[in-house]
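Have a look at the structure below before the remarks.
Numbering (the working numbering), first residue to last: 22 to 340.
Written out as structure tokens, the structure reads:
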């Protein structure tokens, strides 16, 4: 295994061929603070700055206290809504957003209890998560414009057909349909692949929490024999459906969380099939043998088109 000592700067990592398989971006830049007035006399802050200051205090106290306690509650079995399976790790996690799989005939919103929906609504309403989603949403087209446009077309088509689908963020903040909160407090995933995601699609992983990235939390990509230093606040894009990945353990006194965004492959397939499942098409009496053969050829061609969405980079960090 090779260790890549990533310092948190924007980096594209390729394999033997110059395909951009991994994209790593730093945390969002802090907002510039308003300049202090050049005067020695006391001056009352404008109403907007007073409101902003109160908002920061509220986020540190109310959201940082009660909300954190609420988020840790899903570790109890009675509070979980059947989130990520234990194969990903022994930490509490839950996904929210649109999904399709497990025998569903059309996309649906993941089911949650009322109490958990309120917690998710508060999370997505926080400025920190809105900035985080908007920041990564802005970087993604830079490195995978074709995949971004494909996802935008898919989601617009799906929402026009299935108007009950709800997006996690307001339009324009994030193109991903689904998100997972890994509540920790020690989020360390086991080796796994996310086989329900689009094979050539990207999964956006953001590390959070007070931990030292020099001693743990690294992202391990087993197929590439690569270990990447993963500092808190930073984001890494990987095709999680084809790359087996996990994390290095953190120290006992540290805490690590993560926020991931992705889109299930089932929604793409449903739109591609003309808002039908594969089973509906195969079992339809109106489908001829010739159409079935053509369909198999189209699916192989679609895979080749998906691979071509990976950009070729001449100047990047090779593994």
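Yeah, the Cβ is synthetic: ideal placement off N, Cα and C, and Gly gets one too.
Bear in mind that the values here come from a model prediction, so they are computed numbers and not experimental data.
**Item:** Three-way DSSP call (helix, strand, coil) for residue 277 in this model
**Value:** DSSP places residue 277 in the strand class (E or B) of the three-state scheme.
**Request:** Report yes if the C-beta distance between residue 341 and residue 277 is below 8 Å; otherwise report no.
**Result:** This structure gives no information on residue 341, because the portion of the chain shown stretches from 22 to 340.
**Alpha carbon of residue 154 to alpha carbon of residue 312, nearest angstrom** = When rounded, the separation of the alpha-carbon atoms in residue 154 and residue 312 is 41 Å.
**Assigned secondary structure, residue 159 (DSSP; H/G/I helix, E/B strand, else coil)** = Reduced to three states, the DSSP call for residue 159 is helix.
**Request:** Could you pull the start and end residues of the beta strand (DSSP E) that residue 267 belongs to?
**Result:** 266–268 is the span of the beta strand (DSSP E), which, as asked, contains residue 267.
**Prompt:** For residue 214, which of helix, strand or coil comes out of DSSP?
**Reply:** Correct three-state label for residue 214: coil.
**Cβ-based neighbour list, residue 190, same chain, cut-off 7 Å, excluding 5 preceding and 5 following** = The residues are 145, 151 and 154.
**Message:** Given this structure, state the Cα-to-Cα distance separating residue 208 from residue 308, to the nearest angstrom.
**Reply:** Annotation: residue 208 to residue 308 spans about 47 Å, alpha carbon to alpha carbon.
**Prompt:** Cβ atoms of residue 112 and residue 203: under 8 Å apart, would you say?
**Reply:** In this structure, residue 112 lies closer than 8 Å to residue 203 by Cβ.
**Item:** Segment limits, beta strand (DSSP E) that includes residue 255
**Value:** Neither: residue 255 is in no beta strand (DSSP E) and is coded neither H nor E.
**Message:** For residue 342 and residue 306, what's the separation of their Cα atoms in angstroms?
**Reply:** Residue 342 lies beyond the range of the chain shown here (22 to 340); nothing can be said about it.
**Asked** Just how far apart, CA to CA, sit residue 33 and residue 27?
**Response** If I take the Cα positions, the gap works out to 11 Å.
**Prompt:** How about residue 248 and residue 25: are their beta carbons less than 8 Å apart?
**Reply:** Yes, the Cβ-Cβ distance between residue 248 and residue 25 is below 8 Å.
**Asked** Hey, is the region 116–127 in contact with the region 288–298, meaning 3+ C-beta pairs nearer than 8 Å?
**Response** These segments touch.
**Message:** If contacts are defined as beta-carbon pairs under 8 Å, then residue 218 and residue 261 qualify, I think. What distance do you get, rounded to the angstrom?
**Reply:** In this structure residue 218 is in contact with residue 261, their Cβ atoms being roughly 6 Å apart against a cut-off of 8 Å.
**Prompt:** Measuring CB to CB, does residue 243 end up less than 8 Å from residue 161?
**Reply:** In this structure, residue 161 does not lie closer than 8 Å to residue 243 by Cβ.
**Beta-carbon proximity of residue 228 to residue 212, cut-off 8 Å** = Going by C-beta atoms, residue 228 is not nearer than 8 Å to residue 212.
**Asked** Who are the near neighbours of residue 215 in its chain, counting only those whose CB is closer than 8 Å to its CB and skipping five residues on each side?
**Response** Taken in chain order, the residues that qualify are 224, 261, 262 and 283.
**Asked** Hey, which unbroken runs of the alpha helix (DSSP H) at 4 residues or more fall wholly within the region 163–247?
**Response** Secondary structure in the region 163–247: the alpha helix (DSSP H) runs of 4 residues or longer, each lying completely within the stretch, are 166–182 in chain order.
**Request:** Since I believe residue 29 is in contact with residue 255 (beta carbons under 8 Å), could you give me their beta-carbon distance rounded to a whole number of angstroms?
**Result:** With 8 Å as the limit, residue 255 and residue 29 qualify as a contact, their Cβ atoms being about 5 Å apart.
**Request:** Identify, in the order they occur along the chain, each residue of the same chain with its Cβ nearer than 6 Å to the Cβ of residue 44, setting aside the five sequence neighbours on each side.
**Result:** Shown here for residue 44: same chain residues with a beta carbon closer than 6 Å to its own, the five before and five after excluded, namely 33, 164 and 258 in chain order.
**Simplified DSSP state of residue 271, which is helix, strand or coil** = Of the three classes helix, strand and coil, the one that applies to residue 271 here is coil, per DSSP.
**Identity of the residues DSSP links to residue 328 by a beta bridge** = In the DSSP secondary-structure assignment, residue 328 is not bridged to any residue.
**Request:** Taking residue 293 as part of the beta strand (DSSP E), name the residues at either end of that continuous run.
**Result:** Note, residue 293: premise wrong, no beta strand (DSSP E); alpha helix (DSSP H) at 286–293.
**Message:** Within a Cβ cutoff of 8 Å, which residues of the same chain sit near residue 187, ignoring the five residues on either side of it in sequence?
**Reply:** Contacts found: 118, 119 and 130.
**Request:** Might you give, ordered along the chain, the residues of its own chain that have their beta carbon closer than 7 Å to the beta carbon of residue 268, omitting 5 neighbours on each side?
**Result:** For residue 268, same chain residues with a beta-carbon under 7 Å away, outside a window of 5 residues either side, are 209, 210, 238, 239, 240 and 241 in chain order.
**Prompt:** Between residue 136 and residue 304, what straight-line distance do the alpha-carbon atoms span, to the nearest angstrom?
**Reply:** About 41 Å.
**Prompt:** DSSP three-state call for residue 146: helix, strand or coil?
**Reply:** Helix.
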